[in-house]
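One structure below.
In this note's numbering, the protein residues as written are 1 to 396.
Dropping the structure here:
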């Protein structure tokens, strides 16, 4: 074995052994291994892959690393209380990515996670205090079912007065600050009897969806449902999204995928592209886990799922290795590969994604900015936390 390669192997071996892991790959296998990847044994979580570049950063099992990052419920409660937040529900808290329901000092309630709120805050308060452009202000009122009748031309800040009209035609004078802190609701409609649970349930049924909720609070409360075409997955949307014709996300994707997509070329695709299409349920689960929002900008549109814990390329390589797929198969067109092999690869790729944990929703341009700064290979969760702390106040 060349001296430099041997030195790298010994370096990785020493780091692993000091962390309590065992190298499965021998020196001879390392010399001929593609990409110089090694198989490592974790007694608690099984085998995982690493290499020299990863060893220089953090040569540790990803699942072990996630467990080390977890905070106790007492510490989470203590931190949130010190920031002025009240905890409405911790649900089944297990780690920093677990969903929690909190209330800020101004009474705004929202779903979040410890990791998201650590360097952030209440999005409603932040948006209210930040001066909006005329276009932003118009769109914000429009998204909440209002239109500005008078005052847009004299708007300066959150205390500028204007006349607005709700969807039911009620007109009254207010400021953007008052509108935001009042919950973005019509001051006149507040005295009108709200929608009942039965009314909202019937609306879901009329849209062809199966309601899975037993309580209705307001327009922006996430409501669980099932789609008759995807009964194995529970999804959630708000009533406001429902009346805007948002429904089953999986059905929406199917309508523009495969043969229905304008880029369809008869089934010719790379193996990696095939594997990426197999993880749509994992992406959906990741979106649901994070409340269908970008964890940095808090926006709900134009989202990608970032592989923060284990790179997609590493998982793809694990699939190829576990199924002993030949180079001939990998270079074949998807339509020419045995369906049994494709089925096994698809199931294993999805299972590995689920085992390694949820991805992180990011707005597409933010996701691109991350990879421009940190590259597309050997990315770590620590890099993401560093990126988030630097840019969260810019994007929000």
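Glycine included, C-beta positions come from ideal geometry on N, C-alpha and C.
Being a predicted model, the structure only gives us computed values, none of them experimental.
When you compare each of the options to residue i by their alpha carbons, which one comes out closest?
i, options, result
"residue 9", "227, 53, 274", "53"
"residue 188", "174, 74, 379, 227", "174"
"residue 19", "206, 44, 312", "44"
"residue 310", "377, 203, 118", "377"
"residue 346", "336, 319, 366, 176", "319"
"residue 136", "176, 250, 316, 165", "176"
"residue 272", "236, 143, 27, 315", "315"
"residue 37", "330, 17, 317", "317"
"residue 389", "117, 337, 198", "117"
"residue 247", "391, 207, 11", "207"
"residue 340", "325, 351, 353", "325"
"residue 141", "123, 155, 184, 337", "184"
When the Cα atoms are used, what is the spatial distance from residue i to residue j?
i, j, result
"residue 170", "residue 163", "10 Å"
"residue 157", "residue 355", "48 Å"
"residue 13", "residue 360", "31 Å"
"residue 294", "residue 77", "24 Å"
"residue 121", "residue 87", "14 Å"
"residue 291", "residue 225", "14 Å"
"residue 223", "residue 172", "31 Å"
"residue 85", "residue 102", "6 Å"
"residue 200", "residue 370", "40 Å"
"residue 334", "residue 241", "37 Å"
"residue 332", "residue 379", "29 Å"
"residue 303", "residue 281", "15 Å"
"residue 5", "residue 342", "35 Å"
"residue 372", "residue 51", "22 Å"
"residue 89", "residue 210", "25 Å"
"residue 306", "residue 112", "18 Å"
"residue 82", "residue 73", "14 Å"
"residue 133", "residue 298", "19 Å"
"residue 251", "residue 277", "15 Å"
"residue 264", "residue 105", "Caution applies to residue 264, whose pLDDT of 47 falls short of 50 and renders its modelled position unreliable; the model cannot decide the point."
"residue 31", "residue 349", "27 Å"
"residue 262", "residue 364", "Caution applies to residue 262, whose pLDDT of 43 falls short of 50 and renders its modelled position unreliable; the value that the coordinates give is listed next. Computed Cα separation, rounded: 21 Å."
"residue 229", "residue 235", "12 Å"
"residue 301", "residue 80", "28 Å"
"residue 165", "residue 147", "5 Å"
"residue 270", "residue 212", "39 Å"
"residue 362", "residue 93", "22 Å"
"residue 227", "residue 143", "25 Å"
"residue 353", "residue 29", "27 Å"
"residue 268", "residue 366", "Because the pLDDT of residue 268 is 39, which lies under 50, any placement of that residue in the model is unreliable, and the number read from its coordinates should be weighed accordingly. Roughly 30 Å between the two C-alpha positions."
For residue i, which beta-bridge partners are listed by DSSP?
i, result
"residue 161", "175"
"residue 287", "DSSP lists no partner for residue 287."
"residue 113", "99"
"residue 306", "360"
"residue 247", "The partner list for residue 247 (beta bridge, DSSP) is empty, contrary to what the question assumes."
"residue 42", "46"
"residue 87", "102"
"residue 223", "237"
"residue 147", "165"
Tell me which same chain residues have a C-beta within less than 7 Å of the C-beta of residue i, skipping the five on either side of it?
i, result
"residue 115", "96, 97"
"residue 150", "162, 163"
"residue 383", "374"
"residue 289", "97, 99, 358"
"residue 221", "238"
"residue 159", "175, 177"
Give every residue of the same chain whose Cβ lies closer than 6 Å to the Cβ of residue i, excluding the five residues on either side of it in the sequence, and list them in chain order.
i, result
"residue 167", "145"
"residue 233", "none"
"residue 321", "none"
"residue 274", "334"
"residue 286", "305, 358, 359"
"residue 186", "166, 170"
Helix, strand or coil for residue i? Go by DSSP, reduced to three states.
i, result
"residue 234", "strand"
"residue 189", "helix"
"residue 37", "coil"
"residue 412", "Past the edges of the chain, shown from 1 to 396, lies residue 412, and the structure says nothing about it."
"residue 22", "strand"
"residue 372", "helix"
"residue 210", "strand"
"residue 296", "coil"
"residue 391", "helix"
"residue 352", "helix"
Take residue i and list the residues in its own chain whose beta-carbon comes closer than 8 Å to its own, dropping the five residues that flank it on each side.
i, result
"residue 344", "323"
"residue 196", "216"
"residue 386", "none"
"residue 109", "88, 101, 102, 103"
"residue 152", "134, 137, 138, 162"
"residue 203", "239, 242, 243"
"residue 283", "305, 359"
"residue 329", "271, 337, 341"
"residue 214", "197"
At a threshold of 7 Å, does residue i count as lining the ligand ADP (C-beta to nearest heavy atom)?
i, result
"residue 213", "As for the ligand ADP, it is missing from this structure, which has no ligand bound."
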